[in-house]
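Here is the structure we will look at.
Numbering (this note's numbering), first residue to last: 7 to 446.
This is how it looks when you write it as structure tokens:
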């Protein structure tokens, strides 16, 4: 990133003085690559719409399977959610095992959590086999009870994970949790000793490089405006391209060209801040051990150390990322200080936002609709699950498997009165904030 575009540090007064463009911290080491000047071919075996983790995971498998693959993105590849997240590299779905048990019964619930673990193993194995240097770190994860009543639920979840999957989870009382992190804000929780993180920008860049090396063409700044389904023709602002197969992998950024998928995904705002570089003693005062952390508030806070270990990064939901990095960054700065008062005078160097794609059942989905393939609905777990779902849908498109993938079984739900514009989200978040204040 050019020097003139680097985020600037703020003052000791707490005022934010950051990059007005909201460029993510990750872009310093792995800036998005412009693809202007690439011509749009007339035909391809497969056209993938969306060049995020899902699209690239599919492109890699399809290209190595002998298909001629073109991947289109409305913007520069790597400027969407794939490089705007916190870099948690987990083996969990958004839905807890306890909720899955109530909803589907033991066999299906255990199978779904195994699917999440399979996604983690697929993506981790890819990083290792492809030698992608993306700061893969095993830090362990703390799940923190924001209210006393939440502790019992976390303890039950830890017991379920231990019993059904043999996942080692250590329940921590409030004093035991305070031996891990420097705050009195929480009421205990549980520790999953093995839980990974990555540098999302480097992970994305590695996938992009491998897909290109396999022969896939990645073309950015090419907004899709319509589909002619009978002719398998994709209309874009730069012309048309015809394909034998089409895969939509746009998740939270799905637009009007395919309304039947747009109305099944709810784009939800999220924002992230990153502190200035901190002295080692201050880092240790905040995180006694380097851990990934998330709490149980409905308007959650998730935080972690930066890969180099000298900054604190915090993510949370946002009403509207379009309000800008200063507005949302100040909201998150106050949340950070409420957890760690010792950071009251710490400057914020980075603030940015983006959108997370949620589904109505909080499960990812893949399949086809009216002859168009899709894989989307990561619910905040896309860093590991998205490349895996891309690979799975690619295998189906290649005819490599006749077996039903578990996530094929579940209806990709929609709701009446929802057409893809989350008009209800400000009201819902206000309701969640009220419940959080009441401790419900």
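Just so you know, even glycine gets a beta-carbon here, dropped at the ideal spot from N, CA and C.
Keep in mind the model is a prediction, meaning the values are calculated, not measured.
So what does residue i bridge to, in DSSP terms?
i: residue 444; result: Answer is none; residue 444 lacks a bridge partner.
i: residue 175; result: Note: residue 175 sits in no beta bridge, so no partner.
i: residue 52; result: 75 and 251
i: residue 277; result: 322 and 359
i: residue 308; result: 300 and 321
i: residue 272; result: 364
i: residue 187; result: 293
i: residue 246; result: 241
Which residues in the same chain as residue i place their Cβ atom closer than 8 Å to its Cβ, once the five residues preceding and following it in sequence are excluded?
i: residue 428; result: 272, 273 and 274
i: residue 212; result: 133, 136, 138, 139 and 140
How about residue i and residue j: do their beta carbons lie closer than 7 Å?
i: residue 145; j: residue 297; result: yes
i: residue 250; j: residue 51; result: yes
i: residue 185; j: residue 147; result: no
i: residue 257; j: residue 359; result: no
i: residue 442; j: residue 305; result: yes
i: residue 218; j: residue 228; result: no
i: residue 307; j: residue 330; result: no
i: residue 183; j: residue 194; result: yes
i: residue 126; j: residue 102; result: no
i: residue 248; j: residue 230; result: no
Start and end of the alpha helix (DSSP H) containing residue i?
i: residue 59; result: 59–70
i: residue 181; result: 180–184
i: residue 116; result: 112–135
i: residue 156; result: 154–171
i: residue 380; result: Residue 380 -> not in any alpha helix (DSSP H); beta strand (DSSP E) instead, spanning 378–382.
i: residue 333; result: 331–345
For residue i, which three-state DSSP category applies?
i: residue 148; result: strand
i: residue 94; result: strand
i: residue 85; result: coil
i: residue 205; result: coil
i: residue 524; result: Nothing can be reported for residue 524, as the shown portion of the chain is limited to 7 through 446.
i: residue 422; result: coil
i: residue 221; result: coil
i: residue 374; result: strand
i: residue 390; result: helix
i: residue 290; result: helix
i: residue 11; result: Caution is warranted here: a pLDDT of 33 is assigned to residue 11, below 50, making its placement in the model unreliable, and no coordinate value can be reported.
i: residue 211; result: helix
i: residue 264; result: coil
i: residue 233; result: strand
i: residue 138; result: coil
i: residue 143; result: strand
i: residue 414; result: helix
i: residue 429; result: coil
i: residue 439; result: helix
At what residues does the beta strand (DSSP E) containing residue i begin and finish?
i: residue 198; result: 195–198
i: residue 256; result: Unbroken run through residue 256: none, as it is neither H nor E.
i: residue 352; result: No beta strand (DSSP E) holds residue 352; DSSP gives it neither H nor E.
Can you name, in chain order, every residue of its own chain whose Cβ lies under 7 Å from the Cβ of residue i, other than the five neighbours on each side?
i: residue 384; result: 257, 363, 370, 391 and 392
i: residue 32; result: 89, 205, 206 and 207
i: residue 143; result: 202, 203 and 313
i: residue 19; result: Model confidence at residue 19 stands at a pLDDT of 45, short of 50, so the residue's coordinates are unreliable and nothing is read from them.
i: residue 261; result: 268
Excluding the five sequence neighbours on either side, which residues of its own chain have a C-beta within less than 6 Å of the C-beta of residue i, listed in chain order?
i: residue 106; result: 115 and 118
i: residue 223; result: 76
i: residue 44; result: 225
CB of residue i to nearest heavy atom of the ligand GTP: below 6 Å?
i: residue 142; result: Within the structure as shown, the ligand GTP is missing, as the structure has no ligands at all.
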